[in-house]
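Residue numbers (my numbering): 713 to 969.
Ideal Cβ positions, reconstructed from N, Cα and C, are used throughout, including at glycine.
Note that the coordinates shown come from a computational prediction; the quantities given were computed from them, not determined experimentally.
See below for the structure under consideration.
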């Protein structure tokens with residue numbers, strides 16, 4: 713049976729779930745690519761590669777060299793550069809591609825969201841008056857908050873950020889989701905959080921902080937997602953069905969029909 717060669721750009725829970733399905737199906741031969749941002753990534757049943765490709769041209773060349781039949785971009789919703797390179801590379805290499813993009817969080821009754829387009833705007837939205845701020849934005853987007861040193865920052869991410877990125881006096885918490893609601897409520901109380909800053913990443917692993925902020929009546933500065941190029945699907949199941957359809961379409965050509 714002909715096997716469809718798949719490149720899966722990962723780094724999310726959805727990518728891990730899709731990798732499991734690909735590995736268990738003999739119709740597919742998959743490679744999982746990680747950017748290398750997380751120091752201790754979860755193990756995968758697929759062959760793995762780590763690091764960049766050298767932009768869209770480098771990725772297109774990699775697709776050609778490895779005879780890839782389908783590309784699925786299941787990177788983080790805020791991995792804008794990688795997603796743009798994936799779409800451009802797939803087009804250049806004539807490889808069918810799709811992005812698996814989980815739905816964004818939606819504002820609920822009782823929420824006090826302040827929507828902003830980027831991190832500098834998020835830092836500005838905190839205002840002049842000093843407050844205690846919970847930053848749950850990862851470890852690479854902290855620099856704009858160094859320009860607002862009047863605030864007390866509690867920073868949480870999987871890996872510790874370089875010291876030169878942390879706002880002065882910030883407290884760092886190393887943790888990996890999923891997070892339970894009661895734990896998030898305890899954290900808000902323990903550190904006397906007054907404002908939460910987060911990206912609209914969507915998903916369930918870190919959504920409890922939004923419910924905790926809602927119940928505490930706290931404002932949430934919500935950084936909106938960047939646009940994504942190319943077609944998208946919102947669930948692992950839909951990405952899987954797309955992949956199965958690609959195998960079905962490719963089978964006659966591989967048999968010489």
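Give the DSSP bridge partners of residue i, in chain order.
i           : result
residue 741 : 717
residue 756 : None; residue 756 has no bridge partner.
residue 926 : None; residue 926 has no bridge partner.
residue 812 : 945
residue 931 : 824
Answer with buried or exposed for residue i, where buried requires no fewer than 16 other C-beta atoms within 10 angstroms of its C-beta.
i           : result
residue 738 : exposed
residue 905 : buried
residue 911 : buried
residue 785 : buried
residue 959 : buried
residue 850 : buried
residue 766 : exposed
residue 734 : buried
residue 718 : buried
residue 868 : buried
residue 755 : exposed
residue 876 : exposed
In whole angstroms, what separates the C-alpha of residue i from that of residue j?
i           : j           : result
residue 948 : residue 841 : 43 Å
residue 815 : residue 946 : 6 Å
residue 969 : residue 789 : Low confidence applies here, because residue 969 scores a pLDDT of 41, under 50, leaving its location unreliable and the question unanswered by this model.
residue 843 : residue 933 : 13 Å
residue 890 : residue 896 : 11 Å
residue 967 : residue 956 : Below a pLDDT of 50, predicted positions are generally treated as unreliable, and residue 967, at 46, falls in that range; no measurement from the model is reported.
residue 903 : residue 916 : 23 Å
residue 779 : residue 817 : 37 Å
residue 858 : residue 746 : 29 Å
residue 853 : residue 884 : 14 Å
Nearest CA to the CA of residue i: which residue from the options?
i           : options               : result
residue 729 : 744, 824, 715 and 885 : 744
residue 763 : 882, 716, 802 and 723 : 723
residue 931 : 807, 838 and 791      : 838
residue 887 : 756, 860, 853 and 847 : 847
residue 805 : 776, 876, 944 and 822 : 776
Between residue i and residue j, which are expected to be in contact by the criterion C-beta below 8 Å, what is the C-beta distance as a whole number of angstroms?
i           : j           : result
residue 832 : residue 856 : 5 Å
residue 893 : residue 924 : 6 Å
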